[in-house]
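Report on one structure; see the data block that follows.
Numbering (our numbering), first residue to last: 566 to 1118.
See the structure below:
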């Protein structure tokens, strides 16, 4: 074993920077390129990575210290093999610089030697790429089998998180030598999924392809432990990260306070869906650290079962005594949806406001611009107009465009307008988000709705496609029915449920006339919205849908 001193790398123009976050502790084993600490200059924050794998033996700096280029920050215990590899890399760099200064004859001779390495065949371990989260995901589909010849970027398998599904591509062309996972296994960022027999050109390309897979070939022969695939990702992604001591009094911050947080903290907040504007920082200068995020999530999840299951209070029965049955394992999406719906229904005091909008003129308008829509290759429905009308109404009644602070002391007023649209898929209900609805035209919204719906049904939605909604719309118009009560998608405070249009006699100007009526239900969180505000919102929305000319006012 060898002790290696790790120093602050070249900081460029910055002369002195502050240590704002320590990401490791003494005794922790770190991997190459894993972040060690966060430094902040007067312009930006940056993470310092580990130059090699090893064990942290000593940390030489503290939070708040001012450091400069070359200052020792910690010592790392590494094995001699890694040191030799590091020295070889260094020697190679020096050698390359020397070769540049040598004669052309020597350069040609060197090139001739390197050509002897061309077309080398090697076994490469392919790993799950960065998923943007440290949580495990399910392998739901394999697209290849042993012996298949594939090209670079061909899909190998599909994994599913609790929010979306994504395909994992191959980093290189070659032949599938071995599959290390099967459908139903749990994997995470960095998990080995397959061995690829690839043909590479020389050492540089070999190293580049290996870099995609992570470790050297001695480690690439490892297989996935079958026991790992049996472990279900039951609890909250933040459950295992939560600090034990969280009894200190929480003081709610001002939502307008400037946020101070390092890149690692911001990444964790994005993964957990936490708005940093409403998190109280406990670090120097009120800086938000990881423990603040974890404590915030713990408070939000208090009272929610850690198993991720929903206790419906109904005892399990042996239904086989009544007849033939089949037991089907629920997908992660189904389980997460059930948990979220149960949590929203039990924690949010719902109020449902029922109304009808006369959409006779709207339907006529859609028919009149049908030819123009066909030229644009757009299929117009009510939904783009519903989106625009909701955006207009949210601007008129901003009490619906808020979220409640966990302390109960504040509401977070949102200055943007993103609206979620419920899409039914074979895998379950997904709610992609249409962003900046208030700034887009009907044509833009129609195109985006079609695109998001297609991505949802093809399981190609990314996590970013399903975050940030201020309000949601759920439409069952195509299925019929006169109405339903949608569940508020907390932390939003409102959702619109749209049923099927129906021709009804409406008394207008002293006589009954046939009009096309669109029934809808407005559900809202009574903690944030009063009944009067709900009634005003529904009435204004009805007016806009009845006469869409209000959309341009």
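Even glycine gets a Cβ: it sits at the ideal position worked out from N, Cα and C. If you're wondering where the values come from, they're calculated on a predicted model, not measured in any experiment.
Q) Closest to residue 1086 by CA distance: which of 960, 699, 1034 and 919 is it? A) When only C-alpha atoms are compared, the closest one is 919.
Q.
Report the CB separation of residue 720 from residue 708 in whole angstroms; it is logged as a contact under 8 Å.
A. 5 Å
Q. So residue 1031 is in the beta strand (DSSP E); what residue range does that whole segment cover?
A. From DSSP, residue 1031 is part of no beta strand (DSSP E); its letter is neither H nor E.
Q.
Do residue 619 and residue 642 count as a contact pair if the criterion is CB distance below 7 Å?
A. Yes, the pair counts as a contact, with Cβ atoms nearer than the cut-off.
(Q) Taking 8 Å as the limit between beta carbons, can you name the residues of its chain near residue 566, skipping five residues before and five after? (A) 642, 643, 644 and 645
Q. Does the segment 1013-1032 come close enough to the segment 962-981 that 3 or more CB-CB pairs lie under 8 Å?
A. no
Q) Between residue 895 and residue 1049, what straight-line distance do the alpha-carbon atoms span, to the nearest angstrom? A) 25 Å
Q) For residue 893, is the classification buried or exposed, using 16 other Cβ atoms within 10 angstroms of its Cβ as the cut-off for buried? A) exposed
Q.
Within 10 Å of its beta-carbon, does residue 859 have 16 or more other beta-carbons around it, so buried, or fewer, so exposed?
A. buried
Q) Quick one: complete alpha helix (DSSP H) runs, 4+ long, within the segment 917-988? A) 925-933, 935-940 and 947-961
Q: Report yes if the CB atom of residue 830 is closer than 7 Å to the CB atom of residue 861, and no otherwise.
A: Contact flag unset, no.
Q.
My parser needs the beta strand (DSSP E) runs of 3 or more residues fully inside the segment 690-761; what are they?
A. Fully enclosed beta strand (DSSP E) runs of 3 or longer: 702-707, 720-725, 730-734 and 739-744.
Q.
For residue 777 and residue 743, I'd like the C-alpha separation in whole angstroms.
A. Model confidence at residue 777 stands at a pLDDT of 44, short of 50, so the residue's coordinates are unreliable and nothing is read from them.
Q. For residue 639, which residues from the same chain have a beta carbon less than 7 Å from its beta carbon, with the 5 sequence-adjacent residues on both sides left out?
A. 571, 601, 621, 623, 624 and 625
(Q) Less than 7 Å between C-beta atoms, sequence neighbours within five positions excluded: which residues of the same chain meet that for residue 1092? (A) 914 and 969
Q.
Just verifying my parser: in three-state terms, what is the DSSP assignment at residue 1089?
A. strand
Q. Roughly how many angstroms separate the alpha carbons of residue 957 and residue 1103, rounded to a whole number?
A. The straight-line gap from Cα to Cα measures roughly 12 Å.
Q. What are the start and end residues of the beta strand (DSSP E) that includes residue 1007?
A. Where residue 1007 is concerned, there is no enclosing beta strand (DSSP E), although the alpha helix (DSSP H) it sits in stretches over 1007-1022.
Q.
Out of 587, 1069 and 1090, which one is the CA nearest neighbour of residue 922?
A. For the set 587, 1069 and 1090, the Cα lying nearest the Cα of residue 922 is the one of 1069.
Q. Hey, residue 615 and residue 586: beta-carbon distance below 7 Å or not?
A. no
Q. Got a sec? Which residues, its chain only, sit under 7 Å from residue 1108 by beta carbon, not counting five neighbours each side?
A. 1115
Q) Based on Cα-Cα distance, which residue from 1081, 835, 899 and 1075 lies nearest to residue 993? A) 899
Q. Name the DSSP bridge partner or partners of residue 1065?
A. In the DSSP assignment, residue 1065 is bridged to no other residue.
Q) Relative to the alpha-carbon of residue 730, which residue among 1066, 939, 889 and 1028 has its alpha-carbon at the smallest distance? A) 1028
Q | For residue 832 and residue 580, the rounded distance between their alpha carbons | A | 27 Å
Q | Distance between beta carbons of residue 952 and residue 1010, contact taken as under 8 Å | A | 5 Å
Q) beta strand (DSSP E) containing residue 640: first to last residue? A) 637-643
(Q) Looking only at its chain, what residues have a beta carbon closer than 7 Å to the beta carbon of residue 1047, apart from the 5 residues adjacent to it on each side? (A) 1064 and 1084
Q.
Suppose contacts are defined by Cβ-Cβ distances below 7 Å. Is residue 573 in contact with residue 632 by that definition?
A. Yes.
Q. Three-state secondary structure (DSSP) at residue 895?
A. coil
Q: Quickly, what does DSSP pair residue 1084 with across the bridge? List them, please.
A: 921
**Q.** Element boundaries [alpha helix (DSSP H), containing residue 1096]
**A.** 1096-1111
Q. Helix, strand or coil for residue 1048 per DSSP?
A. coil
Q) Exposed or buried, residue 947, counting other C-beta atoms within 10 Å across all chains shown (16 or more means buried)? A) buried
Q | Closest by C-alpha distance to residue 760, when choosing among 752, 753, 910 and 740 | A | Selected option, being the one with the closest Cα: 740.
Q: Check each candidate in 595, 634 and 755 and name the one with the smallest Cα separation from residue 583.
A: 634
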